[in-house]
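Residue numbering for the sequence shown follows the working numbering, starting at 349 and increasing by one per position. Beta carbons are placed, not taken as given, at the ideal position from N, Cα and C, and that holds for glycine. Please read these numbers as outputs of a predicted model, since none were measured by experiment. The structure appears right after this line, and notes come after that.
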Amino acid sequence: MTTDAPRDNLKGGAWLLADMGLNIWALGIVKALGLGYPVAQIVFLRAAIGLVLLSPWIVRNRSAFVPIPDLPLQVLRVGLSAATLTASYFAISRVPLALFTTMNFTRPLVVMVLAALLLRERITLSQWAAAAIAMIGVVIAIDPEGTALGPGVLALGLVILTGSAAVIVTRRLRGTPTIVLMTFYTVGLGLCTLPFALWSWQSIPTAHLVPLLAVGVFAQTAQACFLRAHYNGDAGVLSVLGYVSLPLSTAAGFFVFGETPTLRFYAGAALVVLAAASLTASRGRLSLMRVR
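As structure tokens, this is what we get:
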């Protein structure tokens with residue numbers, strides 16, 4: 349017997365689409381304004397607004413914070429997450445939205461490799477092949493013959509590595525209540541970026557104040573939508589639906605920022621999505637085998 353609510357993939361999918369839309373809005377604002385402000389300032393504002401939004405749930409669930417297990421792992425996760433978001437906001441201002449989304453599809457594959465190296469998890473030959481195909485797709489999508497590996501692409505590579513490492517640490521904290529993980533993440537972002545934000549702070553014109561504050565609102569609300577999506581829907585369905593973020597971000601880049609991906613980009617992106625989808629499918633088959 350289980351007390352879990354019955355799965356509703358339609359509702360879960362709606363929550364996930366809301367998560368994608370809010371994230372694209374937040375990234376779009378950072379992309380539009382990010383070059384004019386220090387990235388630490390933007391990340392700090394995002395954390396501050398997120399903490400304000402989280403406060404009612406923190407007060408309501410304050411008993412979950414005593415005691416706090418695995419404090420060193422919590423601190424490591426916060427550091428990796430702060431590096432990931434800071435590099436992410438730096439990169440999004442310098443690379444096309446579609447490329448940003450495509451490279452982030454490689455994160456599950458990097459997590460798989462890190463899990464094999466750090467957690468001694470067994471990886472099949474087909475999964476290694478999927479990782480190789482994804483890397484080839486990234487090289488094609490970046491178009492090294494026509495695009496220099498500038499700071500944006502390098503920062504995006506850092507996003508993949510530190511973000512994947514943060515996932516590995518989070519897997520070690522799987523017994524920690526969600527509100528504790530969210531609070532450590534949000535407060536940690538603020539504490540890590542506060543010194544840099546104060547050192548490089550730039551005054552914010554009135555016209556930019558609401559959009560910059562909206563980054564925190566959209567990002568924190570998106571996180572809540574993501575959690576609701578996975579509460580309601582099956583992971584297998586949601587993981588496939590997650591690929592909708594690629595055409596959404598490509599459309600946003602085209603209509604809002606005038607970014608027109610090349611045919612080479614589409615070919616590389618197709619390889620990345622194919623590799624990530626095959627990994628998702630193989631995990632689904634493995635899960636079914638274990639259930640049986």
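At what residues does the alpha helix (DSSP H) containing V443 begin and finish? Careful: V443 lies outside any alpha helix (DSSP H) and carries neither H nor E.
Would you report the Cα separation of T569 and P354, rounded to the nearest angstrom? 24 angstroms
Is A482 closer than 7 angstroms to A623 when the C-beta atoms are compared? Taking 7 angstroms as the Cβ cut-off, A623 and A482 qualify as a contacting pair.
Give the straight-line distance between the Cα atoms of V487 and A618, rounded to the nearest whole angstrom. 12 angstroms
P559: first and last residue of the uninterrupted alpha helix (DSSP H) it sits in: Its alpha helix (DSSP H) spans residues T554 to N580.
Secondary structure at Y385, three-state DSSP: helix, strand or coil? coil
So, under 8 angstroms CB-CB, I406 and I527 are touching, yes? Tell me the CB distance rounded to an integer number of Å. 7 angstroms
Do the CB positions of W373 and F566 come within less than 7 angstroms of each other? yes
Hey, I508 and R442: beta-carbon distance below 7 angstroms or not? no
Residue interval of the alpha helix (DSSP H) (run including Q475): Element bounds for Q475: L473 to I490.
Tell me which residue opens and which closes the alpha helix (DSSP H) that A412 is part of. Premise fails: A412 is in no alpha helix (DSSP H) and is neither H nor E.
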